[in-house]
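2 protein chains.
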Amino acid sequence: MASKSSQSRSRSKGRVTLSDVASMAGVSSMTVSRALNDPERVSEQVRSRVREAVEALGYIPNRAARSLAGQRSYSIAVVIPSVSNAVFSNVIKGIYDVCSARGYEILMGNTYYSVQQESSLIAKFLTHHPDGLIVTGLNMADSARALLQGAGIPVVQLMEVGEAEPIDLNVGISHRDAGAAMARYMLDRGYRRIGVLGAQMDYRAQRRIQGFVNVLADAGRYDEARIVTTSEPSTVHLGGQLLGDLLSAAPDTDAVFCINDDLAYGVIYECQRRHIRIPQQLAVAGFNDLEASACINPSLTSVSTPLYEMGRVAAQMLMRRLDGETIEQPVVDLGFELRARESA
Amino acid sequence: MASKSSQSRSRSKGRVTLSDVASMAGVSSMTVSRALNDPERVSEQVRSRVREAVEALGYIPNRAARSLAGQRSYSIAVVIPSVSNAVFSNVIKGIYDVCSARGYEILMGNTYYSVQQESSLIAKFLTHHPDGLIVTGLNMADSARALLQGAGIPVVQLMEVGEAEPIDLNVGISHRDAGAAMARYMLDRGYRRIGVLGAQMDYRAQRRIQGFVNVLADAGRYDEARIVTTSEPSTVHLGGQLLGDLLSAAPDTDAVFCINDDLAYGVIYECQRRHIRIPQQLAVAGFNDLEASACINPSLTSVSTPLYEMGRVAAQMLMRRLDGETIEQPVVDLGFELRARESA
DNA sequence: AGTTGTTATTTTAGCGCTAACATTTCTGTT
DNA sequence: AACAGAAATGTTAGCGCTAAAATAACAACT
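Residue numbers (the UniProt record's numbering), protein chains in the order written: chain A, 1 to 344; chain B, 1 to 344.
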């Protein structure tokens, strides 16, 4: 049988296969398969003969064949806006640590914040028949939603909770509540002419602003002129620019909530250049509480979000589902913490 | 044939397959395969009938079957130290953009800076029979090197060039030269008691320091007491700490080269707290020139490295190799640029 | 020795797709 | 009308593995 692979019509590249190992070890290929994937079900004797043969031949199993025969891929597809964003790279690390420990591969795809890209990415990933899927956020194209519902695999929606009925599982925080908490904090601190800076306005960012603005409005402190947003990707440099825009439009602003820490760093740097004292003349707050926020001068008041944890928990839920467990609580709100520091 | 899939002994989950589409469209399954993967070779008529059938049935192709039959996986394995590091997330983005545009999947694995993890990751990835492999750096375990050499697929070693004979293809910069360039710049600027701060001392970081120190030594300005390194992961906070260590050991230090920008930010913040004026009392330089480096106060002198570009070029070389092109120049040095700014 | 139950191994039959070859259908040419 | 050559489609035979059923081997009881 093994010799057949050298015949003219064969397409094989002469790779070492299971049956090569089998004939060397003097057992059937099924036994070799078991010896490798379920060693307890094979006698010690056979197990070691197989091990020797594998080493002698340099056998490398073929995942494609395994997936096809076993009807599962041992892979998890992850659909996020962008790898190069510090927020998501932390989330991915959480997912990765759990999945790789369990022998699952990660297929990662970037939507670049486009709902359309997201749909086509999901469609593409389904061709891999992943065992599970992790997507970002609760909002998605109807077509994508339908695909996921019909796929018959566990799906986790990540980053936010509470804004819509999840497709299946859901892990995140309430961005609306987080925005609101920050607004309340600022009002409590006595700030009254409060601005908001936003960039890369994805759904989560929008909801943070909504939550923030609603509280301001309830307190009679909402002023449209102080809301400055752009759809450009957010960068430190952009933070400085947006501050300039805000101060031109409303020079008497006494506090500013930045939709993420990067913008806030830019604001702090720009204030240093303009000799605006923080927080005396202008209070500044950020979002996500990246590592540098505790170190910058002045240290940055921010909302700490459990990024790594979200990834970890999402992956764990998926794993439990794949193990056949029923998940009693399909929606997990991991909460946030407002870290009050010098800047506000 | 198609009806066979509903027989008792079948393991299929009742998925829609190529031959289901074929019988609906009234053609053979091979024709459907062609209509989907090589549309030019099929008449417009058949093509649209197939398209309709695919939509009507909700057909999702099976990559595992495709890989197995076609003897290629349309995937590229990428082995890097850590996704959650800004340096590598930029590199990955470059790889991702090229690969996904060409229909290739990325399998990403983190070594967490361990040579052992790297080896086992490579072994694991080879079971996917990826069409190509991208690994970080020129140093790796002999076993890993052997695996790669024997795998018969194109391999790109990424991030650094010039330190060893590459296995196959190689894209990066000379970290040694970059370190040396920074040392020369600092000496030219008149600094004489120059320190070095390093963390997460991977091979690249070590070589940057070697290049830097060699130049100092040649100029008679090397002082071991001013080299402060740790194997801890580098963070902004750690930068401040290491500066403290350096100044305790050598208080008269007049300039400091940080092995990456994160450490440099930490140094700048710590100097602000200690009221050390930059660059008058202490000059500071970083490495990688992250986006924030141009915005921080004082703006940070750093070595700009083409991170995204490295990823892009590596992936492109791989693609060209997979297209059967011969690559005339297997080693590509993308170079670096020293960005002189206020901090030094 | 005969029956039963348990464990270890082999046999059989695909998983869903595509390479390679074979055949048919459609041009255009003389 | 006859033919060659190109283009479109069909047929056959796996790719390398595992689920399920079948069998063999072994221990544990009557």
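Cβ coordinates follow ideal geometry from the N, Cα and C atoms, glycine included.
The structure presented is a predicted model; accordingly, all values stated were derived computationally and were not measured.
* Beta-carbon of Met295 of chain B versus every beta-carbon of chain A: anything under 8 Å? -> Note that residue 295 of chain B is Cys in the sequence shown here, rather than Met. True, the Cβ-Cβ gap to chain A drops below 8 Å.
Counting only beta-carbon separations shorter than 8 Å, does Ala64 of chain B have a partner in chain A? yes
Exposure of Ser84 of chain A, with buried meaning 16 or more beta-carbon neighbours within 10 Å | buried
- Query: Which one or two residues does DSSP pair with Asp323 of chain A in a beta bridge?
  - Reply: According to DSSP, Asp323 of chain A bridges with nothing at all.
What residues of chain B sit near Gln149 of chain A, judged by a beta carbon separation below 8 Å?
Under the 8 Å cutoff, chain B gives no residues; its nearest Cβ is about 12 Å from Gln149 of chain A.
Interface residues of chain A facing Ala292 of chain B [CB-CB closer than 9 Å]: Thr235, Val236, His237, Asp262, Tyr265, Gly266, Tyr269 and Ala292
When the Cα atoms are used, what is the spatial distance from Ile60 of chain A to Leu147 of chain B?
10 Å
So within the stretch 259 to 328 of chain A, which uninterrupted alpha helix (DSSP H) runs reach at least 4 residues, ignoring any that extend past its ends?
261 to 274 and 307 to 322
### Residues from the stretch 86 to 97 of chain B in contact with chain A, defined by Cβ distance under 8 Å
Ala86, Ser89, Asn90, Ile92, Lys93 and Tyr96
Query raised in the report: Are the CB atoms of Ser304 of chain B and Asp261 of chain B nearer to each other than 8 Å?
Result: no
Review point. What's the call for Tyr269 of chain B, buried or exposed, on a 16-neighbour Cβ count within 10 Å?
Key: buried
Between which two residues does the alpha helix (DSSP H) containing Arg204 of chain B stretch? Tyr203 to Asp218
Taking Cβ positions, are Leu18 of chain B and Val27 of chain B nearer each other than 8 Å?
no
**Burial state of Ala174 of chain B, where buried means 16 or more other Cβ atoms lie within 10 Å** = A small fix is needed here, since residue 174 of chain B is Ser in this sequence, not Ala. It is buried - the Cβ of Ser174 of chain B has at least 16 other Cβ atoms within 10 Å.
Nearest-angstrom Cα separation, counted from Pro39 of chain B out to Val54 of chain B
14 Å
Bounding residues of the alpha helix (DSSP H) (the contiguous stretch that carries Asp20 of chain B)
Leu18 to Ala25
Exercise. What do you reckon, are the CB atoms on Leu338 of chain A and Pro306 of chain A nearer than 8 Å?
Worked result: no
Whole angstroms are fine: how far does the CA of Thr229 of chain B sit from the CA of Asp254 of chain B? 18 Å
query: Which two residues bound the contiguous alpha helix (DSSP H) that contains Arg221 of chain A?
result: Arg221 of chain A -> no alpha helix (DSSP H), and no H or E assigned at all.
Can you tell me the Cα-Cα spacing of Ala199 of chain A and Ala250 of chain A, whole angstroms?
19 Å
Beta-ladder partner(s) of Val156 of chain B, from DSSP: B:Ile134 and B:Leu169
For a test of the three-state rule: what should DSSP assign to Arg339 of chain B, helix, strand or coil? strand
>> Rounding to the nearest angstrom, what Cα-Cα distance links Ser6 of chain A and Ile95 of chain B in this structure?
In response: Model confidence at Ser6 of chain A stands at a pLDDT of 35, short of 50, so the residue's coordinates are unreliable and nothing is read from them.
Any 3 or more C-beta pairs closer than 8 Å across the stretch 126 to 137 of chain B and the stretch 61 to 72 of chain A
yes
Alpha carbon to alpha carbon, how far is Val236 of chain B from Glu52 of chain A?
49 Å
Taking the continuous alpha helix (DSSP H) assigned at Asp177 of chain A, which residues delimit it? His175 to Asp188
Note to self: For Pro279 of chain A and Cys295 of chain A, what's the separation of their Cα atoms in angstroms?
What the structure shows: 16 Å
8 Å contact criterion, which Ile105 of chain B and Leu107 of chain A should meet: CB distance rounded: Just to set this straight, residue 105 of chain B is Glu in the shown sequence, not Ile. Right, the Cβ-Cβ distance comes to about 6 Å (below 8 Å), so this counts as a contact.
Using a Cβ cut-off of 9 Å, pull out every chain B residue sitting near Ser67 of chain A, in sequence order please. Asn62, Arg63, Ala64, Ala65, Ser67 and Leu68
Which one of B:Val213, B:Gly103 and B:Cys258 has the shortest CA to CA distance from Ala283 of chain B?
B:Cys258
- prompt: Start and end of the alpha helix (DSSP H) containing Ile95 of chain A?
  reply: Ala86 to Ala101
| request: Starting from Glu105 of chain B, find everything on chain A with Cβ-Cβ shorter than 8 Å and list it in chain order. | output: Leu107 and His128
Checklist line | Where the alpha helix (DSSP H) through Asn37 of chain B begins and ends | finding: Ser29 to Asn37
TODO: Check the Cβ of Gln281 of chain B against every Cβ in chain A and list those closer than 7 Å, keeping chain order.
DONE: Those within 7 Å of Gln281 of chain B in chain A number zero; the least Cβ separation is about 17 Å.
Q.
Any beta carbon of chain A sitting closer than 8 Å to that of Ser304 of chain B?
A. no
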